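A.B. asks: The structure is given below, and queries will be raised subsequently.
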Amino acid sequence: MIGQYIPGHSPLHQMDPRAKLLFVFAYMFAVFLANNPATYGLLVLFTGIGIYFSRISLSVFYRSMKPVFILILLTSLLHLWMTRGGEALFSFSFLTIYEEGVRQAIYISIRFFLLMAAASLLTFTTSPIDLTDGMESLLKPFERLGVPAHELALMMSIALRFIPTLWEETEKIKKAQMARGADFESGHVFKRVKSYIPVLIPLFISAFRRAEDLALAMESRCYRGGKGRTKWRELHYSHLDVVLLLLFVILLTALWLLRK
Amino acid sequence: MIQSSRLITMIEIAVMTAIAVVLDRWILFQMPQGGSVTLVMVPIAILAFRRGLVPGLVCGLLTGILLLIFSGYVVHPVQAILDYPLAFGLLGLSGVIRLQSYASRIAKVLMAGAGLLIAGGLRFLAHYLSGIIFFASYAPEGQPVYLYSLIYNLTYILPQILLSLIVLGLLIYSAPQLVLKQR
């Protein structure tokens, strides 16, 4: 329904979320280092190996990237048409395609794919709750500067917990109002907008009530914030994360040596 | 009776974040260029009016991060930050307006609209900047990237702001208790 996580036991699934978060962030900047066939080839190979080891089928990646295909197509066409330089490969009245334009169009499309694939690999192989734990742990050092890492992570976990519940509730209220004759699909804009109100008010009221219940329950159990709190699930780095770090260092060095 | 207002504020932020993510999936109008109009801004604005500026900012920030995790598309690292945590976080700025200090319903509705306009405008600015970065790193040199980004973002943010304005106005008019801090 919501979210992209695909449960599994691949090496990528087993890596520590902190390691994956840091890696993806650094990798996205590294992608911009590529500027010739060798460096782009290396990145494609590297990402391909990552996709292979995630044991997630290519059709899933294809589906998640589909919305940006049109964007990729448009920017590629723009480059084909506008970028000048090198030999003219093709000419037809006002349209001339240059070597440089073709090269840029290919590079840009590859860059799109690399970035999308990296982001998808992270969200496909890491559950949102693991990502939350990872972010909390990475933010911990900033607690001294006043960043409430524990509170932020707690709020995010609670939000994650409530998304399916509130989704169901929204659907239920929508159906209940439709049974009473509400119409969300037709009519002019203002009439439609007005029909959302009898859905939103019960939704908000019940959500605030749920919030109150939960706060009360937590307080009765003596919730006192982050200090000294222990965790049910703890994060541990493993040899896989060391491998990831080493791979990244090798990749970065190779990129540096191969780029023009 | 709940003692800690900090705790109830935190939980309300979490629940409104969840609603924002759910509403983001309820596509009301599909724009021809691909953007979609949803009510994702409404819960963030309601929380900002109810609990104030900082909780509003946090709610927006969390919504942005969750949307990024669930369905975000990343074409540039800086674009990802501008388009998700920052753009949605700025929505919390509607909390600069203190609705509690206005007595009449009409005044509340009008001021809430003003707050949402400010926040929506800033959100637009974040998307606009990210668009410039995006086009600048992907479009050929010498292109009017400022214009591209402006047109692209206006086409979906503007209807979204307008729709949220109407819905928020109707909501606050018919259920003013939503924006009233309970305790």
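Just so you know, the sequences run in chain order A and B.
Each step along the first sequence adds one to the number in the numbering used here, with nothing skipped, and position 31 is 31.
Start counting at 1 in the second sequence, then tack on 1000, and there's your number in the numbering used here.
Here a beta-carbon is modelled for each residue, glycine too, at the ideal position from N, C-alpha and C.
Everything numeric in this text was worked out from a predicted model, so none of it was measured.
#1: Run through DSSP, which three-state label would phenylalanine 112/A get?
#2: Please classify glycine 1060/B as buried or exposed, where buried requires at least 16 other C-beta atoms within 10 Å of its C-beta.
#3: Counting C-beta neighbours from all protein chains within 10 Å, is the total for methionine 1/A 16 or more, i.e. buried, or is it exposed?
#4: Which same chain residues end up closer than 6 Å to valine 1058/B when comparing Cβ atoms and leaving out the 5 residues on each side of it in sequence?
#5: In this structure, how does DSSP classify leucine 244/A when only helix, strand and coil are distinguished?
#6: Which residue or residues does DSSP assign as beta-bridge partners of threonine 39/A?
#7: Against chain D, which members of the stretch 169 to 192 of chain A pass a CB distance test of less than 9 Å?
#8: Return no unless some Cβ of chain B is closer than 7 Å to the Cβ of alanine 254/A.
#9: Take the Cβ of proline 1055/B as the centre, count every other Cβ of all protein chains shown within 10 Å, and call the residue buried at 16 or more, exposed below.
#10: As an exercise, report each continuous beta strand (DSSP E) stretch of at least 3 residues that is fully enclosed by the stretch 60 to 141 of chain A, in chain order.
#11: Which whole runs of the alpha helix (DSSP H) in the stretch 141 to 166 of chain A are 4 residues long or more, in chain order?
#12: Would DSSP call valine 1037/B helix, strand or coil?
#13: Closer than 8 Å is the cut-off here; do at least three beta carbon pairs connect the stretch 114 to 128 of chain A with the stretch 1067 to 1076 of chain B?
#14: Suppose the cutoff is 6 Å on Cβ atoms and the five residues either side in sequence are ignored; what does the same chain contact list for leucine 1129/B look like?
#15: What's the C-alpha gap between tyrosine 107/A and asparagine 36/A?
#16: Helix, strand or coil for glutamine 1143/B? Go by DSSP, reduced to three states.
#17: For leucine 1178/B, which residues in chain A fall below 7 Å Cβ to Cβ?
#18: Per the contact definition of three or more C-beta pairs closer than 8 Å, is the stretch 23 to 35 of chain A in contact with the stretch 243 to 253 of chain A?
#19: When we look at the beta-carbon of lysine 59/A and count the other beta-carbons within 10 Å, is it buried (16 or more) or exposed?
#20: Counting only beta-carbon separations shorter than 7 Å, does leucine 1007/B have a partner in chain A?
#21: Output, in chain order, the set of chain B residues within a Cβ distance shorter than 7 Å of phenylalanine 29/A.
#22: Would you mind giving the Cβ-Cβ distance between isoleucine 1118/B and valine 1145/B, rounded to the nearest angstrom? I have them listed as a contact below 8 Å.
#23: Considering only C-alpha positions, which residue in the set Pro1176/B, Leu1180/B, Gln1160/B and Leu1165/B is nearest to threonine 1038/B?
#24: Find the nearest neighbour of glycine 228/A within the set Leu12/A, Ile97/A and His150/A, judged by alpha-carbon distance.
#25: Which residues in the same chain as leucine 1116/B place their Cβ atom closer than 8 Å to its Cβ, once the five residues preceding and following it in sequence are excluded?
#26: If I'm right that serine 1174/B touches isoleucine 197/A with Cβ under 8 Å, what's the distance once you round it to whole angstroms?
#27: When you compare the CB of methionine 156/A with every CB in chain B, is at least one pair closer than 7 Å?
#28: What does a CB cutoff of less than 6 Å around glycine 134/A pick up in its chain, not counting 5 residues either side in sequence?
#29: Do leucine 1062/B and methionine 155/A have their C-beta atoms within less than 7 Å of each other?
#30: Residues in its own chain within less than 8 Å of leucine 138/A by CB, not counting five upstream and five downstream?
#31: Using DSSP with H/G/I as helix, E/B as strand and the rest coil, what is methionine 1/A?
#32: On the DSSP bridge assignment, give the partners of phenylalanine 1029/B in chain order.
#33: With a threshold of 16 other CB atoms inside 10 Å of the CB of tyrosine 52/A, please say whether the residue is buried or exposed.
#34: Give me the Cα-Cα distance between phenylalanine 261/A and glutamate 1141/B, rounded to the nearest whole angstrom.
#35: Count the CB pairs spanning the stretch 159 to 170 of chain A and the stretch 1012 to 1026 of chain B that are closer than 8 Å, and state whether there are at least three.
C.D. replies: Here's the rundown:
#1: Along the first sequence, read from residue 1 onward, the residue named residue 112/A stands at position 112. The answer is helix: DSSP assigns phenylalanine 112/A an H, G or I state.
#2: Within the second sequence, the letter at position 60 stands for residue 1060/B. Around the Cβ of glycine 1060/B, a 10 Å sphere holds 16 or more other Cβ atoms; the residue is buried.
#3: Along the first sequence, read from residue 1 onward, the residue named residue 1/A stands at position 1. With a pLDDT of 46 at methionine 1/A, under the threshold of 50, the modelled position of this residue cannot be trusted; read the value that follows with caution. Looking at its Cβ environment, which holds fewer than 16 other Cβ atoms inside 10 Å, methionine 1/A is exposed.
#4: On the second sequence, residue 1058/B is found 58 positions in, with the first residue counted as 1. In chain order, Ile1013 place their CB closer than 6 Å to the CB of valine 1058/B, counting only its own chain and leaving out the 5 sequence neighbours on each side.
#5: For this step, residue 244/A is matched to residue 244 along the first sequence. Of the three classes helix, strand and coil, the one that applies to leucine 244/A here is helix, per DSSP.
#6: Residue numbering aside, residue 39/A sits at position 39 when the first sequence is read from its first letter. Within the DSSP secondary-structure output, threonine 39/A pairs in no beta bridge.
#7: The structure shown contains no chain D; its protein chains are A and B.
#8: Translated into the one-based positions of the first sequence, residue 254/A becomes position 254. It does not: the Cβ of alanine 254/A has no partner Cβ on chain B nearer than 7 Å.
#9: Stepping through the second sequence from its first residue, residue 1055/B is reached at position 55. Proline 1055/B comes out buried.
#10: Runs of the beta strand (DSSP E) inside the stretch 60 to 141 of chain A: 88 to 92 and 95 to 98.
#11: Runs found: none.
#12: Here residue 1037/B corresponds to residue number 37 of the second sequence, with the count starting at 1. Secondary structure at valine 1037/B: strand, using DSSP grouped into helix, strand and coil.
#13: A contact exists between the stretch 114 to 128 of chain A and the stretch 1067 to 1076 of chain B.
#14: Your numbering for residue 1129/B matches position 129 in the second sequence. Leu1082, listed in sequence order.
#15: Position 107 of the first sequence, counted from the start, is the residue given in the question as residue 107/A. Position 36 of the first sequence, counted from the start, is the residue given in the question as residue 36/A. C-alpha of tyrosine 107/A to C-alpha of asparagine 36/A: approximately 8 Å in a straight line.
#16: Locating residue 1143/B in the second sequence gives position 143, where the first residue counts as 1. Here glutamine 1143/B carries a coil assignment [DSSP, helix/strand/coil].
#17: By one-based count along the second sequence, residue 1178/B stands at place 178. In chain order: Phe204.
#18: Verdict: yes, contact present.
#19: Locating residue 59/A in the first sequence gives position 59, where the first residue counts as 1. The question names lysine, but residue 59/A in the sequence shown is serine. Here serine 59/A is exposed, its C-beta having fewer than 16 other C-beta atoms within 10 Å.
#20: Within the second sequence, the letter at position 7 stands for residue 1007/B. It does; some Cβ of chain A falls within 7 Å.
#21: In the first sequence, counting from the first residue as 1, residue 29/A sits at position 29. The contacting residues are Pro1077.
#22: On the second sequence, residue 1118/B is found 118 positions in, with the first residue counted as 1. On the second sequence, residue 1145/B is found 145 positions in, with the first residue counted as 1. That belief does not hold up - the Cβ atoms of isoleucine 1118/B and valine 1145/B are roughly 26 Å apart, past 8 Å.
#23: Sequence index remark: in the second sequence, residue 1038/B carries index 38 (1-based). Relative to the Cα of threonine 1038/B, the nearest Cα in the group Pro1176/B, Leu1180/B, Gln1160/B and Leu1165/B belongs to Gln1160/B.
#24: Working through the first sequence from its first residue, we reach residue 228/A at position 228. It is His150/A whose Cα lies nearest to the Cα of glycine 228/A.
#25: Residue numbering aside, residue 1116/B sits at position 116 when the second sequence is read from its first letter. The residues are Met1041, Ala1045, Ser1094, Ile1161, Ser1164, Leu1165 and Leu1168.
#26: In the second sequence, residue 1174/B corresponds to position 174, counting from 1. In the first sequence, residue 197/A corresponds to position 197, counting from 1. Contact annotation, serine 1174/B with isoleucine 197/A: C-beta distance approximately 6 Å; criterion of less than 8 Å satisfied.
#27: Taking the first residue of the first sequence as 1, we reach residue 156/A at position 156. Yes, methionine 156/A counts as interfacial toward chain B.
#28: For the purposes of this step, residue 134/A is taken as residue 134 along the first sequence, with counting starting at 1. Excluding sequence positions up to five before and after glycine 134/A, its CB lies within less than 6 Å of the CB of Pro17, Arg18 and Leu21, all in the same chain and listed in chain order.
#29: As a working mapping, residue 1062/B is identified with position 62 in the second sequence. As a working mapping, residue 155/A is identified with position 155 in the first sequence. Contact flag set, yes.
#30: Numbered from its first residue, the first sequence carries residue 138/A at position 138. Correct list, in chain order: Arg18, Leu21 and Leu22.
#31: Against the first sequence, residue 1/A aligns to sequence position 1. Reliability of the predicted coordinates at methionine 1/A is poor, the pLDDT of 46 falling under 50, and no value is obtained from them.
#32: Taking the second sequence and counting its residues from 1, one reaches residue 1029/B at position 29. Bridge partners of phenylalanine 1029/B: Val1037/B.
#33: Along the first sequence, read from residue 1 onward, the residue named residue 52/A stands at position 52. Counting Cβ neighbours within 10 Å, tyrosine 52/A comes out exposed, since fewer than 16 surround it.
#34: One cannot answer for residue 261/A here, as it falls past the ends of chain A, which runs 1 to 260.
#35: These segments touch.
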